[in-house]
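Asker: First, the structure itself, so that you have it in front of you.
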Amino acid sequence: MCVMLEVYYTAPVDILRERELSALMTPFGGRLTCKELPTHPACVAITLTFEFDDWHNAEEAAKLLFEQGVHVEGPGDYGE
Numbered sequence: 001m002c003v004m005l006e007v008y009y010t011a012p013v014d015i016l017r018e019r020e021l022s023a024l025m026t027p028f029g030g031r032l033t034c035k036e037l038p039t040h041p042a043c044v045a046i047t048l049t050f051e052f053d054d055w056h057n058a059e060e061a062a063k064l065l066f067e068q069g070v071h072v073e074g075p076g077d078y079g080e
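Note that the numbering used here has the sequence shown beginning at 1, numbered continuously upward.
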């Protein structure tokens, strides 16, 4: 089963921030699998999707991000 988290941050693209977020996810087995850029001028959020092999690690990763003030949604089953 694959589990995902979506992480949001405000544009513009910030490669350093994305690397830092990816580094935070690595100990939990999280892998950056998708990056979505804003498609409408009124939308300013960049979405990063991290995939995990199990629910527990995804929950722990989400908790860490939330504690650091990061906008995170999930975990959720991949494909929900």
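Where a beta carbon is used, it is the ideal one built from N, C-alpha and C, also for glycine.
The structure displayed is predicted, hence computed values, not measured ones.
(1) Within its chain, find whatever has a CB closer than 6 angstroms to the CB of residue 29; leave out the 5 residues flanking it on each side and keep chain order.
(2) Report the three-state DSSP secondary structure of residue 86 (helix, strand or coil).
(3) So which of 11, 35, 17 and 13 has the shortest CA-CA distance to residue 68?
(4) I need the straight-line Cα distance from residue 60 to residue 33, nearest angstrom please.
(5) Quick one: Cα of residue 8 to Cα of residue 65, how far?
Answerer: Looking at the atomic coordinates:
(1) Counting from one through the sequence shown, the residue named residue 29 turns up at place 29. Once the five neighbours on either side are set aside, the close Cβ partners of residue 29 are 52, 53 and 57.
(2) Coverage of the chain is limited to positions 1 through 80, which leaves residue 86 absent and any answer about it impossible.
(3) In the sequence shown, residue 68 corresponds to position 68, counting from 1. Closest option to residue 68, Cα to Cα, is 17.
(4) As a position in the sequence shown, residue 60 is number 60, starting the count at 1. As a position in the sequence shown, residue 33 is number 33, starting the count at 1. So the two alpha carbons sit approximately 18 angstroms from each other.
(5) Here residue 8 corresponds to residue number 8 of the sequence shown, with the count starting at 1. Here residue 65 corresponds to residue number 65 of the sequence shown, with the count starting at 1. Each residue's Cα considered, the two are about 11 angstroms apart.
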